[in-house]
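Asker: First the structure, then my questions, so here it is.
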DNA sequence: CATCACGATATCTTCGAGGTATGATGCGTG
DNA sequence: CACGCATCATACCTCGAAGATATCGTGATG
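Chains as they are written, first to last, in the numbering used here: chain A, 498 to 801; chain B, 498 to 801.
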């Protein structure tokens, strides 16, 4: 038995007329009669009572019709769903991001993605760079946002944002008096950094930056991500943070641009041989809408 | 797209190997590859990632597989259900019966039928002969049990039980002294009958029987079915009832066989051009198990 | 009784499902 | 590194069957 038999049978059952059903199906009447006969022969019982006009379904035909419709519908729905999956509009993806990104750009990306692919379940996980790379390699994570360069051969990445580095100072620090600072101005200050293993690439990038400025930073405290800012605010030391931290808008922190700052790169990372169209679509969306630190707040302002 | 494509796709998806899937399907590997390719081309996206061993499903393939299984299952279930309908093991039938039959035979028939066709919903309706014939003609009733001959051209019937007629007497009636009675012995007694329109054939049969005995009965009360017995018990008059009434076993009634009684025929009736296999099966069951007045009680006795 | 409507049958053509032989490719092993 | 093996794709052929056209059988209708 083939779907053709069911389609033809359903057409005849609905039209209750072989001629009209054949016309609707775009074939001649004799082949239609034959196909239905073949189906009946295969099943071993009649589906139509042809002895009177208009023809009517037998009890078996009535029963089969319901199931045939269900089967045809399942096929149609299956094709539709599969197409959505192929287009990356259906499925589930797991996205890693540095917690700092939550405040500046991530929600915009998620919103844009959700608009294009409402049936994709997104699992977001705030993770330091190291954890993201680990997750990507283990296949638990599908895409991530990582700062600094990347050296994993099985991962692919793309710069999605370049931002200048800022100096984070406690409000009562003497240097807050100056609007413009260079890195060497803080060469003797105590530093607060995140632990190296949380993001070795970005960590090494920052330390290398200090080396170029002629000193190696005195790290007095280590804290993860956002906590760095709290330690700076509490006066433990200064720190170097990406420009986007401004979005957090804490008034217990003073941020000053670093004049001699190189740009820090935020990279979108995924597995080299990614097979998930949903992930591909996510990457496409990020490329399209970009990662704009301010977008979020402007929109909110417009809406209110 | 045909079921073949889905079956082949599902086989490959389950085996994750074209060769094994082809063996399972009983075809060679190249045609299988081609069919799956055709399906992919028609859909416009890939279902398998063939680039590594063993091959794996794409996201779209994974999605389609679920629906394909559902569709194939719906077809299988549909064929099975339709076959049951064709065999008369599925559906609904409406059975009419004279209320007297409830005590002697009907439950046995229903039990036997239920055993053969547990998925047929039976609607039983106690109805006088007239009502049954009306229902059969209107298509509301599918089979019935009627006493006496039948003259509707569009109905077919079959005798399922022949029984002698009995004289029903109140216990204090003088004739109860005699064991053996003929109809003419009660030619002057008052009679209790059911109204003629409740079963004209049986009514006329009874009256004709009296005529043959040389009198016409003095009907003093009319009552439907079982109520006749109550009126007899109350002493309103005598009545003529089928042998099977003995099954009711009322001790306020005395039954005496009529020596000159012709047999009364219980007929199974259905529509001439019945199309329902469930009805055909019901008729078959009645033919098979018969309508035995005593069967019911014997069985009950055996079980306890 | 002639006609019409409608499904079945007969016969032919063409397309494609499935067969065999072989090629392309990736992987493990001596 | 070469070789063999496993595995899927391609090439080509055959035959069955889906569908077209013409026609028949039959029940309903004026």
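Don't be surprised by glycine CBs; every beta carbon is placed ideally from N, CA and C.
1. Thinking C-beta only, is residue 560 (chain B) closer than 8 Å to residue 579 (chain A)?
2. Give a yes or no on whether the minimum CB-CB distance between residue 651 (chain A) and chain B is below 8 Å.
3. Taking 8 Å as the threshold (beta carbon to beta carbon), is residue 799 (chain A) in contact with chain B?
4. Are at least three pairs of beta-carbons, each pair with one atom in the segment 661-671 of chain B and one in the segment 776-784 of chain B, less than 8 Å apart?
5. How would you write the range of the beta strand (DSSP E) that residue 715 (chain A) sits in, first residue to last?
6. For residue 719 (chain B), which option in B:728, B:713, B:711, B:712 has the closest C-alpha, if you only look at C-alpha atoms?
7. Hey, would you say residue 635 (chain A) sits closer than 8 Å to residue 616 (chain A), going by beta carbons?
8. Where does residue 802 (chain B) fall in DSSP's three states?
9. Looking at the C-beta of residue 499 (chain A), does it have a partner C-beta in chain B at a distance below 8 Å?
10. Exposed or buried, which one is residue 762 (chain B) when buried takes at least 16 other CB atoms within 10 Å?
11. With a threshold of 7 Å on Cβ separation, who are the neighbours of residue 568 (chain A) within its own chain once the five nearest residues in sequence on each side are excluded?
12. At a CB-CB cut-off below 9 Å, which residues of chain A make contact with residue 578 (chain B)?
13. What number of angstroms, rounded off, separates the C-alpha of residue 662 (chain B) from the C-alpha of residue 556 (chain A)?
14. Using a Cβ cut-off of 8 Å, which residues of the segment 774-787 of chain B contact any Cβ in chain A, in chain order?
15. Counting along the chain, where does the alpha helix (DSSP H) carrying residue 701 (chain A) start and finish?
16. Using a Cβ-Cβ cut-off of less than 7 Å, list which residues of the segment 732-760 of chain A approach chain B; keep chain order.
17. Can you check whether the CB of residue 540 (chain B) is closer than 8 Å to the CB of residue 554 (chain B)?
18. Determine the extent of the alpha helix (DSSP H) in which residue 604 (chain A) is found, giving its start and end residues.
19. Given residue 628 (chain A), which residues of its chain have a CB within under 6 Å of its CB, disregarding the five upstream and five downstream residues?
20. Per DSSP, which residues does residue 665 (chain B) bridge with? Please list them.
21. Whole angstroms is fine: what's the gap from residue 733 (chain A)'s alpha carbon to residue 612 (chain A)'s?
22. For a test of the three-state rule: what should DSSP assign to residue 670 (chain A), helix, strand or coil?
23. Is the distance from the Cβ of residue 750 (chain A) to the Cβ of residue 703 (chain A) below 8 Å?
24. Just curious, the beta strand (DSSP E) that residue 762 (chain B) is in, first and last residue?
25. Strictly under 8 Å for the Cβ-Cβ distance: is residue 588 (chain A) near chain B by that measure?
26. Kindly indicate which three-state DSSP category residue 798 (chain A) falls into: helix, strand or coil?
27. Under DSSP, the beta strand (DSSP E) around residue 616 (chain A) begins and ends at which residues?
28. Across which residues does DSSP place residue 686 (chain A) in a beta bridge pair?
29. Is DSSP giving residue 516 (chain A) helix, strand or coil here?
30. So the candidates are B:565, B:594, B:713; which of them puts its Cα closest to the Cα of residue 765 (chain B)?
31. Would the beta-carbon of residue 625 (chain B) fall within 8 Å of that of residue 581 (chain B)?
32. Please classify residue 558 (chain B): is it buried, with 16 or more other beta-carbons within 10 angstroms of its beta-carbon, or exposed?
33. Relative to chain A, which residues along the segment 533-544 of chain B have a C-beta separation below 7 Å, given in chain order?
34. Measure the CB-CB distance between residue 529 (chain A) and residue 515 (chain A) and report whether it falls below 8 Å.
35. From which residue to which residue does the beta strand (DSSP E) around residue 787 (chain B) run?
36. Quickly, what does DSSP pair residue 660 (chain A) with across the bridge? List them, please.
Answerer: For this structure:
1. yes
2. no
3. Only weak support is given to the placement of residue 799 (chain A): the predicted model assigns it a pLDDT of 40, under 50, and the value that follows is read from those uncertain coordinates. Not one chain B Cβ lies under 8 Å of residue 799 (chain A).
4. no
5. 715-719
6. B:728
7. no
8. This structure gives no information on residue 802 (chain B), because the portion of chain B shown stretches from 498 to 801.
9. yes
10. buried
11. 503
12. 557, 560, 561, 563, 564
13. 41 Å
14. 774, 775
15. 697-709
16. none
17. no
18. 603-613
19. none
20. B:736, B:752
21. 44 Å
22. coil
23. no
24. 760-768
25. yes
26. Only weak support exists for where residue 798 (chain A) lies, its pLDDT of 40 falling under 50; the value from the coordinates is given anyway. Of the three classes helix, strand and coil, the one that applies to residue 798 (chain A) here is helix, per DSSP.
27. 616-623
28. BP columns for residue 686 (chain A) are empty, so no partner.
29. helix
30. B:594
31. no
32. buried
33. 540, 542
34. yes
35. First-last for residue 787 (chain B): undefined, no H or E at that position.
36. A:761
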